[in-house]
Amino acid sequence: MSKKEDINPEDSAEKYFDEENYSTLIIGADKNEGSAEENAGIAGLLIEGLKENKVGALRLLKEQNAQLALLNAIDSVTDTKDRSLLVAACWESGLDFTNHFDEFMKLLGDSDPLVSLEALTVLENIENFSSVSVLESGIKKLDKLIQSNHINAPLLEDLRLRFESIIEEMNSALN
Numbered sequence: 680m681s682k683k684e685d686i687n688p689e690d691s692a693e694k695y696f697d698e699e700n701y702s703t704l705i706i707g708a709d710k711n712e713g714s715a716e717e718n719a720g721i722a723g724l725l726i727e728g729l730k731e732n733k734v735g736a737l738r739l740l741k742e743q744n745a746q747l748a749l750l751n752a753i754d755s756v757t758d759t760k761d762r763s764l765l766v767a768a769c770w771e772s773g774l775d776f777t778n779h780f781d782e783f784m785k786l787l788g789d790s791d792p793l794v795s796l797e798a799l800t801v802l803e804n805i806e807n808f809s810s811v812s813v814l815e816s817g818i819k820k821l822d823k824l825i826q827s828n829h830i831n832a833p834l835l836e837d838l839r840l841r842f843e844s845i846i847e848e849m850n851s852a853l854n
């Protein structure tokens, strides 16, 4: 099944975009502010797509520039396995979550180690930060999590060092 033509459309995430068989909501740059039912439906579709055909679902997310839809889905799920799957999709999709730094800092403190770990990976993949103050704020949040003996504290220490290094680079570039 390595060739594209060998993939059965019924087994791929793309089947959800077949307008003849599904009522499709295209996800994009605007956050869905729908009802809790609609939000749960989007989360369900994303989770199902990621479970059925991860590569296809990740490609669709990237093509749709679906950062806000993913964040909305993360907010609407309570099952930690599903939440960690959606947070992982954020970095696996290759989407840029630079503008959502604070959301991932919150997820970093999640009591579920996998959700926290996936949020950490998203933060590690951010390449451009808007300001030193954003990173300094992140370091303060990291310090609180580390001091609270969060289960991922050793990894949080590494992220803290990375943020400090980026601050040094940013300050050097200004001088």
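Residues in the sequence shown are numbered from 680 upward in steps of one, following the working numbering.
A virtual CB, placed ideally from N, CA and C, is assigned to each residue, including glycine.
Where residue i sits in the DSSP three-state scheme
i: Asp781; result: helix
i: Thr757; result: coil
i: Leu774; result: coil
i: Asp709; result: Since pLDDT at Asp709 reaches only 43, below the 50 mark, its modelled position is unreliable, and the value read off the structure follows with that caveat. Of the three classes helix, strand and coil, the one that applies to Asp709 here is coil, per DSSP.
i: Gln746; result: helix
i: Asp791; result: coil
i: Ser809; result: coil
i: Thr703; result: In this prediction, Thr703 scores a pLDDT of 47, lower than 50, which makes its location untrustworthy; the coordinate-derived value is nonetheless stated afterwards. Three-state DSSP puts Thr703 in coil, outside helix and strand.
i: Asn831; result: coil
i: Asn850; result: helix
Best match in the options for proximity to residue i [C-alpha to C-alpha]
i: Ile825; options: Met784, Lys760, Thr757; result: Met784
i: Asp758; options: Ser790, Leu737, Leu740; result: Ser790
i: Trp770; options: Leu802, Ser795, Asn751; result: Leu802
i: Ser809; options: Lys730, Asn778, Leu774; result: Asn778
i: Asn807; options: Phe780, Leu765, Lys820; result: Phe780
i: Leu834; options: Phe776, Glu815, Val734, Leu793; result: Leu793
i: Lys760; options: Glu843, Leu729, Glu836, Ser844; result: Leu729
i: Asn744; options: Lys820, Ser844, Gly788, Phe776; result: Phe776
7 Å Cβ cutoff met for residue i and residue j
i: Val813; j: Met849; result: no
i: Asn831; j: Ser795; result: yes
i: Leu838; j: Leu786; result: no
i: Glu797; j: Ala767; result: yes
Nearest-angstrom Cα separation, counted from residue j out to residue i
i: Ala852; j: Leu840; result: 18 Å
i: Gly773; j: Ile753; result: 17 Å
i: Leu739; j: Asn854; result: 42 Å
i: Asp822; j: Glu727; result: 36 Å
i: Ala722; j: Arg762; result: 9 Å
i: Ser816; j: Ile805; result: 15 Å
i: Ile846; j: Glu782; result: 20 Å
Contact with chain C by residue i, beta-carbon distance below 7 Å
i: Pro792; result: Judged by its chain identifiers, the structure shown contains no chain C, having just a single protein chain.
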